[in-house]
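Just so we're aligned, residue 991 is where the sequence shown starts under my numbering, counting upward by one. Beta carbons are placed, not taken as given, at the ideal position from N, Cα and C, and that holds for glycine. What follows is a set of notes on a single structure, which appears directly below.
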Amino acid sequence: MTVKYLINGSNLPAHELIGLDAKVIKSADAGKMGLSGRIVDETRNMFEIEKRGKTMRIPKREVVMEFRLSGKSLGKIECSRIICRPEDRIKNYFKKGRGA
991 MTVKYLINGS NLPAHELIGL DAKVIKSADA GKMGLSGRIV DETRNMFEIE KRGKTMRIPK
1051 REVVMEFRLS GKSLGKIECS RIICRPEDRI KNYFKKGRGA
């Protein structure tokens, strides 16, 4: 039996975010509002977003981001809640019993 597992807004923190299209929808820094592009790197405290060959660094503690998932589906994350290494975020999500 094959079980299909889709990335959606409720399980988004349990997935790799690199490669997803993202947009800053709320920020403590007005200069970062509306920034968008593709996530190319993630560290404990930062996202790197690339758009038209230019890379921008976005601190997680300052922003709420919207991620484009499959088709028109969108997921939103308050990034201050995911300040940790990406591999730890994914591991902890499943340890807390939220995963599949």
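Report task. Could you please give the first and the last residue of the uninterrupted beta strand (DSSP E) stretch that includes Pro1049? Result -> 1044-1049 is the extent of the beta strand (DSSP E) around Pro1049.
**Report entry** Limits of the unbroken alpha helix (DSSP H) element including Arg1075
**Finding:** For Arg1075, there is no enclosing alpha helix (DSSP H), as DSSP gives it neither H nor E.
Requested in this report: Would you list, in sequence order, the uninterrupted beta strand (DSSP E) runs of no fewer than 3 residues that lie entirely inside the segment 997-1053?
Outcome: Correct list: 1011-1017, 1026-1032, 1036-1041, 1044-1049.
Report task. Put Lys1085 into one of helix, strand or coil per three-state DSSP. Result -> Correct three-state label for Lys1085: helix.
Report task. Would you tell me roughly how many angstroms separate the C-alpha atoms of Arg1058 and Lys1013, rounded to the nearest one? Result -> When rounded, the distance between both Cα atoms is 8 Å.
Report task. Identify the continuous beta strand (DSSP E) that holds Leu1064 and give its terminal residues. Result -> It spans 1064-1068 - the beta strand (DSSP E) in which Leu1064 sits, taken as one unbroken run.
Requested in this report: Quick one: residues in its chain with C-beta nearer than 8 Å to the C-beta of Glu1077, no 5 flanking neighbours on either side, listed in chain order?
Outcome: Answer for Glu1077: no residue qualifies.
Report task. Determine the contact status of Gly1027 and Glu1040, defining contact as a CB-CB distance below 7 Å. Result -> It is a contact, given that the beta carbons lie within the stated cut-off.
Query - Rounded straight-line distance, which links the Cα of Lys1016 to that of Gly1024 - result: When rounded, the separation of the alpha-carbon atoms in Gly1024 and Lys1016 is 8 Å.
Query raised in the report: Exposed or buried, what is Ile1008 when buried is set at 16 or more other beta-carbons lying within 10 Å of its beta-carbon?
Result: Residue burial annotation: Ile1008 is exposed, with fewer than 16 other C-beta atoms found within 10 angstroms of its C-beta.
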